[in-house]
Amino acid sequence: MKTWFHSWRAAIRIARRDAWRSKGRSALVLAMIALPILGVSALDLTYRSSELSSAEQAERQLGAADARFRDADVGGVPIYQDPSGDMHTPVKDYKDEPWPTGPTDVAKAIPAGSTVLTDTTGSAKLTTTHGLLMTEVRELKASDPVARGIMTLLEGRFPEKTDEVMATSHFLEASGLSVGSTLSARNFDRPYRIVGSYELPDALNADQINTVPGAFLAPYTKAVEKAGLPAPGTAVSYLVRSSGGFTWNSVKEINAKGVAVVSRAVKLDPPAESEVPLYQKDGWGNYESSPAADAAALASLATVVGLAMLEICLLAGPAFAVGARRSRRQLGLVGANGGARSHIRAIVLSGGLVIGVAAAVTGSVLALVLTLLLQPVLENTMNQRFGAFDIRPLELLGIALLAVLTGLLAAIVPAVTASRQTVLASLTGRRGIRRSSRVLPLIGLAALLLGGAVALFGSMVSEQVTLVAAGSALAELGVVAMTPALVGLFGRAGRWLPLSPRLALRDAVRNRGRTAPAVAAVLAAVAGTVAVTTYMASREAQNRAEYEASLPYGVAAAFVQEEGGRDVPAVRDAVQRNFPVDVRADVERVSVGKPGCPPWGGDPGCGRYEVLVPPANECPMYASGPGGSDPSEKYTPEQRRKMLTEDWRCKTSPSSGMYLSDGGLVVGDAKLLQVLGVDDPATVKALADGKIVTFNRALVDAAGAVGIKQITDIAAADKASEAGRPTPGKVSSVPAYLVPGEKKSYGVQALMTPATAKAAGLSTVPMGVYVSTDRLPDGEQRQKLDGDLAKLGSNVEMHLEEGFVNEYGIILLSLAIFAGLVTIGAAGIATGLAQADAEADLKTLAAVGAPPRVRRTLSGFQCGVVAAMGVVLGSAAGLLPAVGLRLTEERDQIRFYEQNVASGWTGELTPPHVPIVVPWETLAGLLVAVPLGAALLAALVTRSRGALARRAAT
22 MKTWFHSWRA AIRIARRDAW RSKGRSALVL AMIALPILGV SALDLTYRSS
72 ELSSAEQAER QLGAADARFR DADVGGVPIY QDPSGDMHTP VKDYKDEPWP
122 TGPTDVAKAI PAGSTVLTDT TGSAKLTTTH GLLMTEVREL KASDPVARGI
172 MTLLEGRFPE KTDEVMATSH FLEASGLSVG STLSARNFDR PYRIVGSYEL
222 PDALNADQIN TVPGAFLAPY TKAVEKAGLP APGTAVSYLV RSSGGFTWNS
272 VKEINAKGVA VVSRAVKLDP PAESEVPLYQ KDGWGNYESS PAADAAALAS
322 LATVVGLAML EICLLAGPAF AVGARRSRRQ LGLVGANGGA RSHIRAIVLS
372 GGLVIGVAAA VTGSVLALVL TLLLQPVLEN TMNQRFGAFD IRPLELLGIA
422 LLAVLTGLLA AIVPAVTASR QTVLASLTGR RGIRRSSRVL PLIGLAALLL
472 GGAVALFGSM VSEQVTLVAA GSALAELGVV AMTPALVGLF GRAGRWLPLS
522 PRLALRDAVR NRGRTAPAVA AVLAAVAGTV AVTTYMASRE AQNRAEYEAS
572 LPYGVAAAFV QEEGGRDVPA VRDAVQRNFP VDVRADVERV SVGKPGCPPW
622 GGDPGCGRYE VLVPPANECP MYASGPGGSD PSEKYTPEQR RKMLTEDWRC
672 KTSPSSGMYL SDGGLVVGDA KLLQVLGVDD PATVKALADG KIVTFNRALV
722 DAAGAVGIKQ ITDIAAADKA SEAGRPTPGK VSSVPAYLVP GEKKSYGVQA
772 LMTPATAKAA GLSTVPMGVY VSTDRLPDGE QRQKLDGDLA KLGSNVEMHL
822 EEGFVNEYGI ILLSLAIFAG LVTIGAAGIA TGLAQADAEA DLKTLAAVGA
872 PPRVRRTLSG FQCGVVAAMG VVLGSAAGLL PAVGLRLTEE RDQIRFYEQN
922 VASGWTGELT PPHVPIVVPW ETLAGLLVAV PLGAALLAAL VTRSRGALAR
972 RAAT
């Protein structure tokens with residue numbers, strides 16, 4: 022034991038001294054190992070710190086209250102809820118009955134003697150220095166001790182008067198206001214002074230203001246209704262403090278009154294799943310991950326970690342080999358003085374141990390420091406404050422041990438190789454004869470064949486992505502194991518190369534011990550890049566083929582559906598001002614009720630309309646039946662498929678595109694037809710003659726007209742619809758003109774002029790604008806338009822048709838750059854080792870008169886050869902997982918298509934096309950640009966003349 026301890030202590034001291042002498046190489050290996058440790062440790066610290074405990078969650082949701090009560094909006098019927106209070110459903114199953122709706126009196130469910138705070142939220146468009154900003158308005162007495170913890174005061178004080186508010190810091194930043202400024206709301210001129218700034222710990226980006234209860238929402242609602250606009254919706258909850266709190270049994274008793282509860286006691290001590298009635302109902306349950314899913318996730322994590330460690334070992338191994346080669350005389354002296362092979366191995370392994378420990382310490386310390394320094398940035402990115410800076414020593418120690426293990430694994434092969442050299446070879450610098458293993462390539466070939474078979478089985482038979490990934494990883498490991506043999510095959514190409522590249526290739530083949538790890542490292546990085554880029558390029562090709570334009574190319578559309586189109590004129594002007602407009606078509610929509618009603622109705626005094634489909638034109642599968650029954654069930658799959666393919670009533674309308682309004686009805690003029698590319702003179706004439714132009718044959722009745730029903734009693738209409746009866750309402754019949762052919766109308770199914778709508782007794786309000794452009798707007802023009810629209814504070818639906826846009830271009834470029842950097846790094850390490858090996862040969866060449874540029878040329882070709890071999894092998898290996906995944910997706914989509922065909926839910930007879938596309942541009946960059954760049958870089962950084970050395974003893 023004592024001998025073992027002293028020998029390892031001496032080995033570690035020698036390794037530490039060698040690492041300090043070779044600072045550049047040590048720093049390179051340390052960085053390769055420490056950077057992943059830094060990232061994983063920082064991720065662990067961030068995740069644990071942002072993971073709130075039950076007590077921290079309760080404080081942010083409830084403040085100092087014991088519970089939060091809120092109306093479940095089911096008319097007061099008993100409910101079941103989950104322990105967190107997020108999900109609830111009525112106790113009774115309402116399969117064949119109307120779903121219960123309506124408010125209940127929450128106050129009756131609050132125990133007597135409790136302290137209660139009302140928390141009401143709504144929204145309003147508030148005035149800012151830039152215009153208007155849609156903002157959440159909250160009425161909660163934040164200064165009350167019960168609310169402490171929900172809001173964090175940053176500056177100023179809490180509001181105390183009815184004309185005071187405080188605002189979140191994000192709102193102040195977005196609005197340009199500050200503490201001391203005044204603000205008001207649109208349609209509400211009452212001023213409010215900002216007396217404080219705060220933040221919500223769980224929503225740092227929230228635009229919110231807070232005031233005392235009753236100070237804003239009630240008078241604002243009255244002012245909005247007075248202006249003829251619908252009242253904004255509000256949500257009310259109650260913070261309750263009661264002696265004893267609220268246990269799970271108390272929560273269930275309160276649920277019986279139709280009230281949902283978030284309880285502090287239940288959060289801190291949740292009940293067992295068997296005690297939660299909600300989880301016992303069909304269709305409800307605790308949707309946490311299953312043990313099988315957890316095992317699959319752990320297996321995936323282990324695979325990723327293992328492959329990352331393999332990549333680091335392949336990169337760092339040659340660096341340790343460089344150190345062992347340059348220290349071979351020292352190692353030879355150890356052997357000459359009685360050191361055994363185990364001592365040689367211990368010295369080289371200690372190099373990995375020293376670098377691994379240094380990397381672990383460096384990565385862990387930097388992770389702690391950087392996470393602390395970047396905590397505000399991380400919190401803003403995650404949109405929430407950390408609970409506490411949570412350090413898990415065991416987790417960080419485990420991550421650090423990975424660094425030590427990686428360093429040791431990277432040094433194993435160089436240690437074994439160094440220990441096999443004779444003392445004489447080490448002292449004289451002779452390399453001897455090296456033979457590569459004949460067993461390892463066979464093992465690699467078996468792994469390659471087995472992995473390929475598993476991947477094909479997963480993609481062609483079982484359709485499991487996990488098998489595809491596991492098989493691909495096994496196959497890649499097999500190729501890595503075969504690398505020494507594959508490097509030997511590359512050597513046969515040397516006879517056709519000029520002198521310098523032939524020398525570089527033969528040197529790489531003769532010294533496979535240092536070439537193979539570097540080639541394998543390049544192979545692994547390139548294989549991952551090729552796999553991802555091939556898969557993404559294939560997805561892009563499929564998305565391009567399936568893309569359906571929402572508008573003609575270069576056409577823009579902007580709509581505002583709220584407040585009766587009040588901001589539509591400003592939106593039209595902004596589009597006209599910022600875009601290169603060719604033709605502009607203003608459009609309106611039909612409105613039932615008050616001018617400010619939303620298009621879907623529902624508010625007091627508001628209705629809706631329906632574009633009628635005559636019963637004779639309804640598809641039999643979709644016609645409403647009595648009692649809400651599904652009419653398609655009475656048809657066989659073959660009958661359904663026949664209707665979808667042969668019955669014009671059931672075919673997809675060519676007017677599919679943007680959703681505009683109910684029935685696709687738009688009020689406009691002939692300019693809209695021009696913008697949409699409809700150039701039929703008869704259509705333009707029919708529109709001018711007061712007819713409604715329709716692109717959907719199903720809307721035209723036997724009399725050649727389109728019926729539009731105005732519904733003013735929404736409740737009666739909903740009941741009639743549930744019972745399968747026609748909805749009550751006034752029907753206006755407008756003469757129609759059916760556009761011939763199947764002209765694509767991009768969501769517009771019917772178009773009439775304002776004069777035609779007025780003659781039919783229909784009221785209209787502004788909805789938006791369509792514009793065709795001379796050219797696509799550039800980035801500056803779009804940014805200016807976005808800024809102008811943001812000042813309005815309205816919900817503007819904006820779309821500019823640019824055709825298919827590739828979303829993966831920047832990702833593909835980033836992956837190619839990453840693979841290029843890894844390739845250059847690995848090839849550079851191999852080149853450094855080659856120079857250490859070939860120093861004597863280079864001196865011999867210089868002695869016999871070779872020009873100085875030979876050293877640069879040879880170094881460049883050595884680096885380029887390693888990079889080229891790794892890129893070629895990696896490109897071939899990376900295709901397997903991408904092809905396997907695409908084949909799996911193809912089988913999934915074909916199976917779904919066949920199920921739809923068998924059920925009669927599709928009339929499409931062409932199976933889905935799932936292409937496999939090889940990204941030739943990326944491959945060309947990897948195969949040509951990366952090796953060439955590596956060669957040039959190595960040639961540039963290599964000195965033309967080597968250092969003078971004394972004559973070696975013979």
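The numbering of the sequence shown is this note's numbering, which starts it at 22 and goes up by one. No residue lacks a Cβ here, since even glycine has one placed at the ideal position from N, Cα and C.
Nonlocal neighbours in the same chain, by C-beta distance under 6 angstroms from residue i, ignoring five residues either side
i, result
"I454", "With a pLDDT of 49 at I454, under the threshold of 50, the modelled position of that residue is not reliable, and no figure is offered here."
"A709", "none"
"A606", "G689, K692, L693, V696, Y791"
"M819", "A579"
"K751", "Q731"
"G733", "The displayed chain sequence assigns Thr, not Gly, to residue 733. Contacts found: G628."
"S263", "D87, P132, S135"
Opening and closing residue of the alpha helix (DSSP H) in which residue i lies
i, result
"N404", "N404 -> no alpha helix (DSSP H), and no H or E assigned at all."
"M664", "658-667"
"M15", "Any question about residue 15 goes unanswered here, given that the chain covers just 22 to 975."
"E743", "735-743"
"Y241", "238-247"
"E631", "Taken as a continuous stretch (DSSP letters only), E631 belongs to no alpha helix (DSSP H), being part of the beta strand (DSSP E) at 629-632."
"H109", "That residue, H109, is in no alpha helix (DSSP H); its beta strand (DSSP E) goes 109-111."
"G585", "Note, G585: premise wrong, no alpha helix (DSSP H); not H, not E."
"I713", "Segment 713-715 is the beta strand (DSSP E) holding I713; no alpha helix (DSSP H) there."
"D913", "874-924"
Backbone CA spacing between residue i and residue j [nearest angstrom]
i, j, result
"F410", "R69", "8 angstroms"
"L488", "L894", "23 angstroms"
"R661", "S924", "8 angstroms"
"A76", "A168", "15 angstroms"
"L389", "N404", "21 angstroms"
"A281", "R746", "35 angstroms"
"P166", "G782", "58 angstroms"
"D700", "P775", "21 angstroms"
"L154", "A811", "8 angstroms"
Nearest residue (CA-CA) to residue i, options the options
i, options, result
"P104", "S190, L193, T268", "T268"
"L426", "A388, A381, L387", "A381"
"T148", "R178, V112, I215, P132", "I215"
"A32", "C884, L370, M664, T242", "L370"
"E246", "K615, L681, D107, R610", "K615"
Other residues of its chain near residue i: CB distance less than 7 angstroms, five sequence neighbours each side excluded
i, result
"I420", "I58, V61, S62, D65"
"S40", "Note that residue 40 is Ala in the sequence shown, not Ser. Excluding sequence neighbours, A40 sits near S47, G372, V375, I376."
"E822", "A570, S571, L572, P573, Y574, G575, V576"
"Q82", "R89, V283"
"D588", "V581, L813, S815"
"E400", "L225, R406, F407"
"V935", "Q563, R907, E910, E911, Q914"
"A525", "L879, F882, Q883, V886"
Boundaries (first-last residue) of the beta strand (DSSP E) holding residue i
i, result
"Y219", "209-220"
"H820", "817-821"
Which of helix, strand or coil DSSP assigns to residue i
i, result
"D39", "helix"
"G177", "strand"
"K278", "coil"
"L204", "strand"
"Y680", "coil"
"Q731", "strand"
"R670", "coil"
"P775", "helix"
Residue-level contact to chain D via CB, residue i, 8 angstroms cutoff
i, result
"V714", "Among the chains of the structure shown, chain D does not appear; only one protein chain is present."
Residues near residue i by beta carbon distance below 8 angstroms, same chain, minus five either side
i, result
"L422", "A381"
"L289", "S75, A76, A79"
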